[in-house]
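Trainee: One structure, pasted below without further comment.
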Amino acid sequence: MWSRYHLEQIRSSLLGGAGHHRGAPVVYDRRTPERIPPEDDHREPNAPLPHALPAVVSPLSPLLPSSQFPLPAVLVAIVGRPNVGKSTLFNRLTGSRQAIVEDTPGVTRDRVYGEAEWKGHTIPLVDTGGYVPRSDDPYERAIREQAEIALEDADVILFVVDVTTGITEMDKEIATVLRPTETPVMVVANKADNEEREWDASEFYQLGLGEVYPVSSTNKRGVDDMMAALVEELPGTEDEADKDRVQVSLVGKPNAGKSSLVNATLGFDRAIVTERPGTTRDTVQSVVQYEGRDLMLVDTAGMQKRSKADGVEFYATVRSERAIRAGDVCVLVLDATEELHKQDLSVLSEVNEHKKGMVVAVNKWDLVPKDDGTMDQYTKYLRQYLGTLDHVPIVYVSAVTKQRVYELLDKALEVAEARATRVQTSALNDVVQAALDEKHPPTTSSGAFVNITYATQVRTAPPVFVFFANHPEGIRTDYKRYLEGKLRDALGFEGVPLTLVFKEK
1 MWSRYHLEQI RSSLLGGAGH HRGAPVVYDR RTPERIPPED DHREPNAPLP
51 HALPAVVSPL SPLLPSSQFP LPAVLVAIVG RPNVGKSTLF NRLTGSRQAI
101 VEDTPGVTRD RVYGEAEWKG HTIPLVDTGG YVPRSDDPYE RAIREQAEIA
151 LEDADVILFV VDVTTGITEM DKEIATVLRP TETPVMVVAN KADNEEREWD
201 ASEFYQLGLG EVYPVSSTNK RGVDDMMAAL VEELPGTEDE ADKDRVQVSL
251 VGKPNAGKSS LVNATLGFDR AIVTERPGTT RDTVQSVVQY EGRDLMLVDT
301 AGMQKRSKAD GVEFYATVRS ERAIRAGDVC VLVLDATEEL HKQDLSVLSE
351 VNEHKKGMVV AVNKWDLVPK DDGTMDQYTK YLRQYLGTLD HVPIVYVSAV
401 TKQRVYELLD KALEVAEARA TRVQTSALND VVQAALDEKH PPTTSSGAFV
451 NITYATQVRT APPVFVFFAN HPEGIRTDYK RYLEGKLRDA LGFEGVPLTL
501 VFKEK
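Note that the sequence shown ends on residue 505 in the UniProt record's numbering; no numbers are left out.
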């Protein structure tokens with residue numbers, strides 16, 4: 001990789017010095033305005049310059065600092081082998097906001113610069129050509145050199161791979177180049193157009209570069225999750241106030257007492273509250289500091305079937321659905337004075353589908369005539385309807401008397417923390433082995449024995465576990481649920497949807 005000193009020498013000699021004396025070159029650090037003397041560079045000042053193709057020189061200018069070519073405060077480089085969809089991803093992120101396109105004779109694929117706008121953040125991007133390590137082809141060598149120059153100044157690297165092809169030898173070689181760098185590397189598994197391909201993306205954890213983000217550049221699937229993670233990696237862009245904030249969305253049908261419950265929580269004497277304005281049919285957000293943690297309570301409008309919702313109610317339902325997707329934990333608020341409705345179960349099913357943490361709050365408990373067994377009877381009544389979601393914790397509350405309001409907050413935090421838990425591989429496999437010893441997987445429909453060798457967690461929030469087996473397609477649904485229950489009981493995933501993926505070893 002070329003040093004800044006060498007790049008400045010190239011630029012000075014080709015651009016007439018750009019205001020600097022050729023005998024006294026200077027080196028810049030893009031992150032600070034100070035000049036750095038050549039002796040601080042990692043190469044000797046008199047070391048010979050590496051061979052440079054003339055076609056590479058012109059695109060150097062945007063990366064070399066001067067009054068004519070200022071560098072952005074931050075830079076995100078998109079790299080990867082040819083044909084993995086880097087340019088498609090770049091175009092998806094930047095839209096029509098392309099900034100600079102270098103069109104240099106002799107090189108048909110140059111770096112393209114642009115800006116991505118996401119939730120108030122402007123993120124400079126550079127799209128490099130297809131990176132081919134150690135190639136002697138002049139075209140591929142020129143692209144590689146451009147990519148290396150971009151990587152040198154990048155604050156974050158998006159390493160794009162292709163889910164449809166899996167890991168290739170070229171991916172492994174690029175990963176070997178990226179692994180030693182201190183620059184954050186995000187593995188972007190492109191072409192994950194559906195849920196099955198999202199699970200296939202777990203293969204790329206084998207590259208040893210950290211978190212993998214399955215996305216589809218064509219239909220935008222997973223792009224928001226990737227961008228949220230990217231913003232957190234950028235220097236100077238992290239909002240400390242939002243860093244550890246937990247979003248708790250209160251959902252349910254109209255008139256279950258969601259707003260009253262939020263108001264009771266906001267009136268709790270240990271809470272510090274910052275109100276955010278909203279309308280009665282919109283989602284209302286309130287930030288609560290509780291037990292040293294920031295919680296954003298989202299009071300959603302009552303959710304109705306879209307077929308029955310007209311006008312304002314339709315859009316209120318849509319906004320409530322968005323609140324579910326944005327939440328870390330969703331609290332289904334039930335009215336204790338009414339029977340459980342199919343709509344309640346439908347809402348909880350949607351929360352589970354989006355893999356959000358779940359808590360059931362039975363409100364208006366103060367209005368229920370009680371004896372010693374009332375709560376147990378009601379819990380049994382709910383559990384029989386929850387079915388496979390019977391692991392969801394239930395808290396009996398009253399917005400009027402504030403009974404157990406703090407317990408509801410505690411439980412929401414517990415579920416959020418469990419959802420973000422990463423289990424050590426050794427501890428995970430201890431649980432799996434104990435489950436296998438207790439109950440071995442049934443044989444496949446063809447009579448083959450199923451052997452599960454090991455498991456690993458590939459994602460948190462929501463937790464995703466990959467199991468490797470000799471016949472993954474032959475593992476029955478009931479046995480998958482058995483394993484899920486064992487993981488939940490042993491590892492404390494109460495109220496947390498778990499995803500178990502089975503792949504061939």
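Just so you know, even glycine gets a beta-carbon here, dropped at the ideal spot from N, CA and C.
Taking only three categories from DSSP, how would you classify D162?
Mentor: On the sequence shown, residue 162 is found 162 positions in, with the first residue counted as 1. D162 falls in the strand class under three-state DSSP.
Trainee: From V347 to D410, what does the alpha carbon distance come to, in whole angstroms?
Mentor: Sequence index remark: in the sequence shown, residue 347 carries index 347 (1-based). Sequence index remark: in the sequence shown, residue 410 carries index 410 (1-based). Their backbone Cα atoms lie some 22 Å apart in a straight line.
Trainee: Can you find at least 3 beta carbon pairs, one from the region 388–404 and one from the region 426–440, that sit closer than 8 Å?
Mentor: Contact between the region 388–404 and the region 426–440 is absent, because fewer than three Cβ pairs lie under 8 Å.
Trainee: When the Cα atoms are used, what is the spatial distance from K342 to A336?
Mentor: In the sequence shown, counting from the first residue as 1, residue 342 sits at position 342. In the sequence shown, counting from the first residue as 1, residue 336 sits at position 336. One C-alpha to the other measures close to 15 Å.
Trainee: Roughly how many angstroms lie between the CA atoms of residue 506 and D376, to the nearest whole one?
Mentor: Because the chain is modelled from 1 through 505, residue 506 falls outside the range shown and cannot be assessed.
Trainee: If you draw a straight line from the alpha carbon of V187 to that of V351, how long is it in whole angstroms?
Mentor: The count along the sequence shown starts at 1 and reaches residue 187 at position 187. The count along the sequence shown starts at 1 and reaches residue 351 at position 351. The alpha-carbon atoms of V187 and V351 are separated by roughly 27 Å.
Trainee: According to the Cβ coordinates, are T128 and V76 closer than 7 Å?
Mentor: Counted from its first residue, the sequence shown places residue 128 at position 128. Counted from its first residue, the sequence shown places residue 76 at position 76. Not closer than 7 Å, so no.
Trainee: Excluding the five sequence neighbours on either side, which residues of its own chain have a C-beta within less than 7 Å of the C-beta of K505, listed in chain order?
Mentor: One-based indexing of the sequence shown puts residue 505 at position 505. Taken in chain order, the residues that qualify are T453, F468, A469, N470.
Trainee: Run the CB neighbour count on D162, radius 10 Å, all protein chains shown included, and call it buried at 16 or more, exposed below.
Mentor: Start at 1 with the first residue of the sequence shown, and residue 162 comes out as number 162. D162 is buried by the Cβ-count criterion.
Trainee: Quick one: which unbroken beta strand (DSSP E) runs of 3-plus residues sit fully inside the region 442–488? Chain order, please.
Mentor: The region 442–488 contains these whole beta strand (DSSP E) runs: 452–459, 464–469.
Trainee: Could you tell me if K370 is buried or exposed, where buried requires 16 or more neighbouring beta carbons within 10 angstroms of its beta carbon?
Mentor: Taking the sequence shown and counting its residues from 1, one reaches residue 370 at position 370. Under this definition K370 is an exposed residue.
Trainee: May I ask which residues mark the beginning and end of the beta strand (DSSP E) holding L297?
Mentor: Numbered from its first residue, the sequence shown carries residue 297 at position 297. It spans 293–299 - the beta strand (DSSP E) in which L297 sits, taken as one unbroken run.
Trainee: Do you know whose CA, among K402, E494, F449, lies nearest A412's CA?
Mentor: If you number the sequence shown from 1, residue 412 lands on position 412. Nearest C-alpha to A412: E494.
Trainee: Spatial neighbours of A189 within its chain, please: C-beta separation below 6 Å, excluding the five flanking residues on both sides.
Mentor: On the sequence shown, position 189 is the one that residue 189 refers to. These residues qualify, in order along the chain: V161, V163, A201, F204, V212, P214.
Trainee: Do the region 323–333 and the region 282–300 meet, that is, are 3 or more Cβ pairs less than 8 Å apart?
Mentor: Short answer: they touch.
Trainee: Just list the residues that DSSP pairs N363 with in beta bridges.
Mentor: As a working mapping, residue 363 is identified with position 363 in the sequence shown. For N363, which the question treats as bridged, DSSP gives the partners D335.
Trainee: May I ask you to report which of helix, strand or coil DSSP gives V126?
Mentor: Stepping through the sequence shown from its first residue, residue 126 is reached at position 126. Reduced to three states, the DSSP call for V126 is strand.
Trainee: Please classify D478 as buried or exposed, where buried requires at least 16 other C-beta atoms within 10 Å of its C-beta.
Mentor: Counting from 1 along the sequence shown, the entry for residue 478 is found at position 478. With fewer than 16 Cβ atoms within 10 Å of its Cβ, D478 is classed as exposed.
Trainee: If you check the beta carbons only, do G327 and V415 fall under 7 Å apart?
Mentor: Position 327 of the sequence shown, counted from the start, is the residue given in the question as residue 327. Position 415 of the sequence shown, counted from the start, is the residue given in the question as residue 415. Against a cut-off of 7 Å, the Cβ pair of V415 and G327 comes out as no contact.
Trainee: Rounded to the nearest angstrom, how far is the Cβ of I157 from that of L178, given a contact under 8 Å?
Mentor: As a position in the sequence shown, residue 157 is number 157, starting the count at 1. As a position in the sequence shown, residue 178 is number 178, starting the count at 1. That pair is a contact at about 6 Å.
Trainee: Considering just the uninterrupted stretch of the alpha helix (DSSP H) at K503, what are its terminal residues?
Mentor: To locate residue 503, count along the sequence shown from 1; it is residue 503. Run containing K503: none in the alpha helix (DSSP H); it sits in the beta strand (DSSP E), 499–504.
Trainee: Ignore the nearest five residues each way along the sequence and tell me which others in R197's own chain have a CB closer than 6 Å to its CB.
Mentor: Translated into the one-based positions of the sequence shown, residue 197 becomes position 197. So the list reads V163, once near-sequence residues are dropped.
Trainee: The beta strand (DSSP E) spanning E115 covers which residue range?
Mentor: Your numbering for residue 115 matches position 115 in the sequence shown. Here the beta strand (DSSP E) through E115 covers 112–118.
Trainee: Can you say whether G267 is buried or exposed, counting buried as having 16 or more other CB atoms within 10 angstroms of its CB?
Mentor: Taking the first residue of the sequence shown as position 1, residue 267 is located at position 267. Per the 10 Å Cβ criterion, exposed.
Trainee: Nearest by alpha-carbon distance to R92: which of V74, S217, E182 is it?
Mentor: The count along the sequence shown starts at 1 and reaches residue 92 at position 92. Comparing Cα positions, the closest option is S217.
Trainee: Could you please give the first and the last residue of the uninterrupted beta strand (DSSP E) stretch that includes L250?
Mentor: Counted from its first residue, the sequence shown places residue 250 at position 250. 246–251 is the span of the beta strand (DSSP E), which, as asked, contains L250.
Trainee: Give me, in chain order, the residues of the same chain whose beta-carbon lies closer than 8 Å to that of V395; leave out the 5 immediate sequence neighbours on both sides.
Mentor: Sequence index remark: in the sequence shown, residue 395 carries index 395 (1-based). Counting only Cβ-Cβ distances below 8 Å, and skipping sequence neighbours, we find V359, V360, A361, V362, R404, E407, L408, K411.
Trainee: Kindly list the residues whose CB is nearer than 6 Å to the CB of R276, restricted to its own chain and excluding five residues on each side of it in sequence; keep chain order.
Mentor: Along the sequence shown, read from residue 1 onward, the residue named residue 276 stands at position 276. Residue placement at R276 is flagged as unreliable, the pLDDT there being 44, under the threshold of 50; the coordinate-derived value follows with that caveat. Only Q285 meet the Cβ criterion.
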